[in-house]
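Participant: Shown below is the structure under consideration.
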Amino acid sequence: MKRSCYCGELHAGMIGEEVVLEGWVNRRRDHGGVTFVDLRDREGLVQVVFSPEVSPQVHERAREIRSEFVLRIRGKVSRRPPGTENPKLKTGEIEVVATEVEVLNTARTLPFRLDDKDLSEEVRLTYRYLDLRRPWMQHNMKLRHRAAMAIRQYMDSLGFIDVETPFLTKSTPEGARDYLVPSRVNPGKFYALPQSPQLFKQILMVAGFDRYYQIVKCFRDEDLRADRQPEFTQIDLEMSFVEREDVMEVVEGIVRTVFELIDVELPEKFPIMSYKEAMLKYGIDRPDTRFGLLIQDVSQLFESTKFTAFKETLEKGGIIRGFKAPSGARFSRKELDNWGKRAREFGARGLISIKVTDQGLQSNLLKYLSSGEAEGLKEAFQVQEGDVIFLAADKEERVADVLGRLRLEVANALDLIPEDTYSPLWVVDFPLLDWDEEEKRYVAVHHPFTSPMDEDLPLLDTDPLKVRAKAYDIVLNGQEIGGGSIRIHRRDIQKKIFDLLRIGEEEARVKFGFLLEALEYGAPPHGGIALGFDRVMAILTRAESIREVIAFPKTQKAQCLMTGAPSPVDERQLKELKIKLTATPEEK
RNA sequence: GGGGUCGUAGCUCAGCCCGGUUAGAGCGCCGGCCUGUCACGUCGGAGGGCGCGGGUUCAAGUCCCGUCGGCCCCGCCA
0 MKRSCYCGEL HAGMIGEEVV LEGWVNRRRD HGGVTFVDLR DREGLVQVVF SPEVSPQVHE
60 RAREIRSEFV LRIRGKVSRR PPGTENPKLK TGEIEVVATE VEVLNTARTL PFRLDDKDLS
120 EEVRLTYRYL DLRRPWMQHN MKLRHRAAMA IRQYMDSLGF IDVETPFLTK STPEGARDYL
180 VPSRVNPGKF YALPQSPQLF KQILMVAGFD RYYQIVKCFR DEDLRADRQP EFTQIDLEMS
240 FVEREDVMEV VEGIVRTVFE LIDVELPEKF PIMSYKEAML KYGIDRPDTR FGLLIQDVSQ
300 LFESTKFTAF KETLEKGGII RGFKAPSGAR FSRKELDNWG KRAREFGARG LISIKVTDQG
360 LQSNLLKYLS SGEAEGLKEA FQVQEGDVIF LAADKEERVA DVLGRLRLEV ANALDLIPED
420 TYSPLWVVDF PLLDWDEEEK RYVAVHHPFT SPMDEDLPLL DTDPLKVRAK AYDIVLNGQE
480 IGGGSIRIHR RDIQKKIFDL LRIGEEEARV KFGFLLEALE YGAPPHGGIA LGFDRVMAIL
540 TRAESIREVI AFPKTQKAQC LMTGAPSPVD ERQLKELKIK LTATPEEK
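Heads up: the first sequence runs through residues 0 to 587, numbered per numbering that gives the first Met the number 0.
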C-alpha cells in the first residue's frame with residue numbers, strides 16, 4: 000500500500016475514489032458505534048469514519064487508536080450524509096470511510112494539546128518537533144521556503160550568482176563578538192564563525208563575479224532579543240560597477256517579490272529619507288512611518304522664554320522638541336503623569352504635556368508661558384481640540400531618543416498604528432564615523448569598508464564626524480530589515496579610514512591584509528547589502544518574534560531547550576584541542 | 001552587566017498582598033456507556049506538595065535571602 004495523496008488535498012471531486020492515506024491522528028471521537036478520526040498530514044485534515052457496518056474488524060481496531068498515532072488507511076472518499084458537513088474544514092464536504100487500517104506507530108500522550116493557543120515557549124521549544132507539527136508553524140516554515148525560492152528565482156533572473164563562503168573563517172576585529180572554533184591541527188588557533196560574509200563577497204567582486212548573492216547563516220555572540228538570534232539568516236548580495244540606487248532597485252524587487260506571497264503590493268520605489276530627517280522627525284534611525292505623530296523642533300519659539308527649565312536648556316545649547324498626539328486629551332491626569340514617568344525612564348529630565356481643550360491650552364506649564372509662546376505652539380503643531388502636545392527639552396540626542404520612544408508607545412496606547420499597512424523606506428546619508436569616548440577613537444557606524452560620500456572626502460581631514468557614508472538601511476514598519484553600503488575600492492581611502500579608526504598598518508595587514516591586497520589588484524567599484532531574512536519572515540507572518548519563523552531557535556540564554564546545547568565536552572576532546580578550562584561549567 | 005515579569009497537576013492558570021483544615025479549576029489523561037460527531041456527549045477515576053537551596057516562624061506556595069530557568073527591555077548587536 001502506497002499513499003495516494005495528502006489528507007488535505009482530498010476534495011468532493013474525488014468522491015467514489017479509493018485512497019490510501021498516511022498521517023497522524025489529530026483527534027478521535029468514539030461514539031461507541033461509529034468512530035471518527037481526524038487524520039492530519041502537512042497539507043491538512045480529513046475525517047475518517049470507522050463504521051461497524053462497513054467492517055467490524057476495522058471498527059474494532061479503531062478503539063486502540065489514540066492522539067498522534069501514525070496510521071495508514073485505505074478507504075473510500077464519500078460525500079458526508081446531509082447535515083453532517085463541516086464548513087470549518089476545507090475537506091468538510093467529504094469523509095473517508097475506512098476499509099483497512101494499519102497502526103504504523105503509537106505515540107505517548109503528548110505533553111500538550113497541539114491546538115493549545117497559550118503554550119509557554121519553554122514547553123514549545125523543549126518539544127519543538129511537536130510544536131512544529133502545529134499548523135501555524137507548518138505555515139511559517141512553508142512560507143519561509145516559498146520566500147527563499149522566490150528570492151533565488153528573482154536573483155537568478157537578474158544574473159546573480161550564488162557562491163558559498165566559508166563558515167570556518169577568520170576572526171575580525173570591530174563589530175560583534177565572534178563565535179570561536181578551535182583548530183585541532185593548529186593548536187592554540189581558532190576559526191571564527193562569520194558575522195557576515197562581508198569580506199568574501201567583496202573579494203568575489205575583485206574576482207569578477209559582478210553579481211553575487213547568498214541566503215546564508217551568520218553568527219554573532221551577542222545578547223538575544225525578540226528579533227535577534229545568535230545564528231540568523233541573511234539575504235546577502237554584492238554588485239560591481241554600481242551606485243547606491245542600483246542596489247536599492249534590486250532590493251526593492253526582492254522585498255516586493257516576497258510580499259507578493261502574502262498578496263501585499265508594495266510600491267515600485269520606496270521612499271528615501273535622510274538619517275538627519277529620521278532623527279529629527281522620528282527620533283530614531285529606523286522610523287515607523289505607518290503613522291504620524293511627527294516630532295518637531297520648537298526651540299526658536301522659546302528663545303526668550305521665562306520658563307527656567309527651557310531657558311537653561313537652550314542656554315546650554317540644548318533643544319526643545321515635541322509631538323502632537325491626536326485624541327491624546329483623553330489621557331487622564333494620571334495617565335499623563337505616567338507618560339512623564341516613562342519619559343524619565345527613557346532618560347528625560349521631564350516631560351511637558353499640554354492638552355488642547357475647548358477652553359484652550361491646558362497644562363501646569365501654562366502659567367510660565369507667554370501668550371505668544373502658547374499661540375506659537377498651537378500654530379506649530381496645527382492643534383485641534385482633543386490633542387495633546389508632549390514637549391521635552393535637553394541636549395539634542397537625548398530629546399530625539401526620548402521622544403522617539405515615547406512616540407511609539409503613545410501611538411500604541413492610542414491605537415494609532417494600522418495593522419495591515421506595510422511602510423518600507425530607505426534611510427540614507429548616515430554619518431560614516433562615530434566617536435568612542437571610552438576608547439578615544441573613531442568607530443565605523445556601518446563597517447570599516449564603507450565608502451565616504453565623494454563630496455565629503457575633504458572632511459576626513461578636517462571634521463571626520465561630519466563625513467557622510469554611502470550607506471543605506473532599509474526599514475519596514477519601524478524595523479531595520481537590512482543595511483548595506485557602497486564599499487571603498489581604493490587602497491588610499493581605505494588607509495585613511497583605518498588611520499581614523501586607529502587600526503594600524505600592521506593590525507590591518509594581520510586582520511584583513513588579504514582584502515587590502517585584493518583591492519590593489521584591480522578592484523571594481525562595488526557595493527551591496529544584507530537583508531535579515533528572519534526579520535522579513537517575522538513581518539510576513541506577523542509573528543511577535545523571529546523564533547516563530549526559525550525551526551530550531553535558541554532561548555534568551557542562547558540555549559537550545561531541545562538538544563541541551565551548549566553542553567560540557569569530554570576532557571578528551573579538550574585535551575586534543577589543547578584547551579584548558581579556567582572554570583568548570585558549573586562554576587561559570 | 002542591569003531593570004522588569006513569570007515559575008503551583010502533563011498543559012494553561014487561581015491561591016501568595018493579609019502564613020494555619022486533606023492545595024483548587026479548566027483542558028488533557030485512564031476506564032465505563034453512547035451509530036453522525038467534528039472543542040462530541042455522559043458517568044466515574046488517577047494525578048502535584050508548589051523551580052531549587054537556605055532562613056524567619058509553633059506553622060511557609062504564601063514572608064526574607066540566594067540561586068536556576070522562560071519571556072520583555074536597557075547596555076551590547078561594525
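Note that the Cβ used here is the ideal one computed from N, Cα and C, for glycine as well.
None of the values given here were measured: they were computed from a predicted structure.
Does G321 pass the burial test, meaning 16 or more other C-beta atoms within 10 Å, or should it be called exposed?
Facilitator: Here residue 321 corresponds to residue number 322 of the first sequence, with the count starting at 1. When all chains shown are included, G321 counts as buried.
Participant: Note down, in chain order, each residue of its chain lying with its Cβ closer than 6 angstroms to the Cβ of E251, except the 5 sequence neighbours on either side.
Facilitator: Numbered from its first residue, the first sequence carries residue 251 at position 252. For E251, where only same-chain residues beyond five positions count, the Cβ hits under 6 angstroms are F269.
Participant: Would the beta-carbon of S273 be found less than 7 angstroms away from any heavy atom of the ligand FAD?
Facilitator: For the structure depicted, the ligand FAD is absent and the ligand set is empty, with no information on it obtainable.
Participant: From the DSSP output, which residues share a beta bridge with I150?
Facilitator: On the first sequence, residue 150 is found 151 positions in, with the first residue counted as 1. Answer by DSSP bridge pairing: none, since I150 is not bridged.
Participant: Since V297 contacts I319 with CB under 8 angstroms, what's their CB separation in whole angstroms?
Facilitator: For this step, residue 297 is matched to residue 298 along the first sequence. For this step, residue 319 is matched to residue 320 along the first sequence. Going by Cβ atoms, the distance from V297 to I319 rounds to 5 angstroms, so yes, they are a contact pair.
Participant: Could you give the distance in angstroms between the alpha-carbon of T105 and the alpha-carbon of T562?
Facilitator: Counting from 1 along the first sequence, the entry for residue 105 is found at position 106. Counting from 1 along the first sequence, the entry for residue 562 is found at position 563. Approximately 23 angstroms between the Cα atoms of the pair.
Participant: Could you check the C-alpha separation between Q493 and A470 for me, to the nearest Å?
Facilitator: Translated into positions along the first sequence, residue 493 becomes position 494. Translated into positions along the first sequence, residue 470 becomes position 471. Cα to Cα, Q493 sits roughly 15 angstroms from A470.
Participant: DSSP state of T168, grouped into three classes?
Facilitator: Taking the first residue of the first sequence as 1, we reach residue 168 at position 169. DSSP places T168 in strand when its eight states are reduced to three.
Participant: May I ask you to list the residues that DSSP assigns as paired with T562?
Facilitator: As a first step, residue 562 is located in the first sequence; it is residue number 563 there, counting from the start. Note: T562 sits in no beta bridge, so no partner.
Participant: Which residue comes first and which comes last in the beta strand (DSSP E) that contains D37?
Facilitator: For the purposes of this step, residue 37 is taken as the residue at position 38 of the first sequence. Looking at the DSSP string, the run of the beta strand (DSSP E) that includes D37 is 34–40.
Participant: Rounded to a whole number of angstroms, what is the C-alpha to C-alpha distance between P430 and V466?
Facilitator: Residue numbering aside, residue 430 sits at position 431 when the first sequence is read from its first letter. Residue numbering aside, residue 466 sits at position 467 when the first sequence is read from its first letter. Roughly 6 angstroms separates the two Cα atoms.
Participant: Short check: CB of Q478 to CB of R285, under 8 angstroms?
Facilitator: Against the first sequence, residue 478 aligns to sequence position 479. Against the first sequence, residue 285 aligns to sequence position 286. Yes, these two residues count as a Cβ contact at 8 angstroms.
Participant: Do you know offhand how far R440's Cα is from G482's?
Facilitator: Locating residue 440 in the first sequence gives position 441, where the first residue counts as 1. Locating residue 482 in the first sequence gives position 483, where the first residue counts as 1. Going from the Cα of R440 to the Cα of G482 covers about 24 angstroms.
Participant: CA-CA distance, E16 and E94?
Facilitator: Sequence index remark: in the first sequence, residue 16 carries index 17 (1-based). Sequence index remark: in the first sequence, residue 94 carries index 95 (1-based). Cα-Cα distance, rounded: 11 angstroms.
Participant: Are three or more beta carbon pairs between the stretch 369–376 and the stretch 404–416 nearer than 8 angstroms?
Facilitator: Not touching, per the Cβ criterion.
Participant: Return helix, strand or coil for R210, following the three-state DSSP convention.
Facilitator: The residue you call residue 210 lines up with position 211 of the first sequence. Three-state result, R210: strand.
Participant: For I253, which three-state DSSP category applies?
Facilitator: In the first sequence, residue 253 corresponds to position 254, counting from 1. Three-state result, I253: helix.
Participant: What runs of the alpha helix (DSSP H), each 4 residues or longer, lie entirely inside the stretch 316–367?
Facilitator: Runs of the alpha helix (DSSP H) inside the stretch 316–367: 332–344.
Participant: List the DSSP bridge partners of A595.
Facilitator: Residue coverage of the chain in this structure runs from 0 to 587, which leaves residue 595 outside it and unanswerable.
Participant: Taking only three categories from DSSP, how would you classify S50?
Facilitator: Position 51 of the first sequence holds residue 50. Coil at S50, not helix or strand.
Participant: Which term fits V548, buried or exposed, when burial requires 16 or more other beta carbons within 10 angstroms of its beta carbon?
Facilitator: As a first step, residue 548 must be located in the first sequence, where it is residue number 549. V548 should be labelled buried.
Participant: Measuring alpha carbon to alpha carbon, tell me which of L260, E248, M278 ends up nearest E267.
Facilitator: The residue labelled residue 267 in the question sits at position 268 within the first sequence. E267 has its Cα closest to that of E248, out of L260, E248, M278.
Participant: Name the DSSP bridge partner or partners of K216?
Facilitator: Working through the first sequence from its first residue, we reach residue 216 at position 217. Per DSSP, T232.
Participant: Quick one, are the C-beta atoms of L20 and V257 less than 8 angstroms apart?
Facilitator: Within the first sequence, the letter at position 21 stands for residue 20. Within the first sequence, the letter at position 258 stands for residue 257. Against a cut-off of 8 angstroms, the Cβ pair of V257 and L20 comes out as no contact.
Participant: Give every residue of the same chain whose Cβ lies closer than 7 angstroms to the Cβ of E550, excluding the five residues on either side of it in the sequence, and list them in chain order.
Facilitator: Position 551 of the first sequence, counted from the first residue, corresponds to residue 550. The residue you asked about is not Glu; residue 550 is Ala in the sequence shown. These residues qualify, in order along the chain: L131, M140.
Participant: In this structure, how does DSSP classify R62 when only helix, strand and coil are distinguished?
Facilitator: The sequence position of residue 62 within the first sequence is 63, counting from 1. It is helical.
Participant: Taking the continuous alpha helix (DSSP H) assigned at V401, which residues delimit it?
Facilitator: As a first step, residue 401 must be located in the first sequence, where it is residue number 402. Here the alpha helix (DSSP H) through V401 covers 395–412.
Participant: Quick one, are the C-beta atoms of I351 and L292 less than 8 angstroms apart?
Facilitator: To locate residue 351, count along the first sequence from 1; it is residue 352. To locate residue 292, count along the first sequence from 1; it is residue 293. For I351 and L292, no; Cβs fall outside 8 angstroms.
Participant: At which residues does the alpha helix (DSSP H) containing Q493 begin and terminate?
Facilitator: Here residue 493 is taken as the residue at index 494 of the first sequence, counted from 1. Start and end: 490–499.
Participant: Which term fits E575, buried or exposed, when burial requires 16 or more other beta carbons within 10 angstroms of its beta carbon?
Facilitator: Numbered from its first residue, the first sequence carries residue 575 at position 576. E575 is exposed by the Cβ-count criterion.
Participant: Quick check: what's the CA-CA separation for K310 versus G349?
Facilitator: Taking the first residue of the first sequence as position 1, residue 310 is located at position 311. Taking the first residue of the first sequence as position 1, residue 349 is located at position 350. Going by the C-alpha atoms only, they are around 14 angstroms apart.
Participant: Just curious, the beta strand (DSSP E) that G483 is in, first and last residue?
Facilitator: Working through the first sequence from its first residue, we reach residue 483 at position 484. Here the beta strand (DSSP E) through G483 covers 478–485.
Participant: When the Cα atoms are used, what is the spatial distance from S331 to W338?
Facilitator: Along the first sequence, read from residue 1 onward, the residue named residue 331 stands at position 332. Along the first sequence, read from residue 1 onward, the residue named residue 338 stands at position 339. Cα to Cα, the separation comes out at about 11 angstroms.
Participant: Quickly, what does DSSP pair S369 with across the bridge? List them, please.
Facilitator: What you label residue 369 is simply residue 370 of the first sequence in a count that begins at 1. According to DSSP, which records beta bridges pairwise, S369 is partnered with nothing at all.
Participant: Report the rounded CA-to-CA distance for R112 versus R133, giving the unit in angstroms.
Facilitator: For the purposes of this step, residue 112 is taken as the residue at position 113 of the first sequence. For the purposes of this step, residue 133 is taken as the residue at position 134 of the first sequence. So the two alpha carbons sit approximately 10 angstroms from each other.
Participant: Using the C-alpha atoms, what's the distance from K275 back to I388?
Facilitator: Against the first sequence, residue 388 aligns to sequence position 389. Against the first sequence, residue 275 aligns to sequence position 276. If I take the Cα positions, the gap works out to 23 angstroms.
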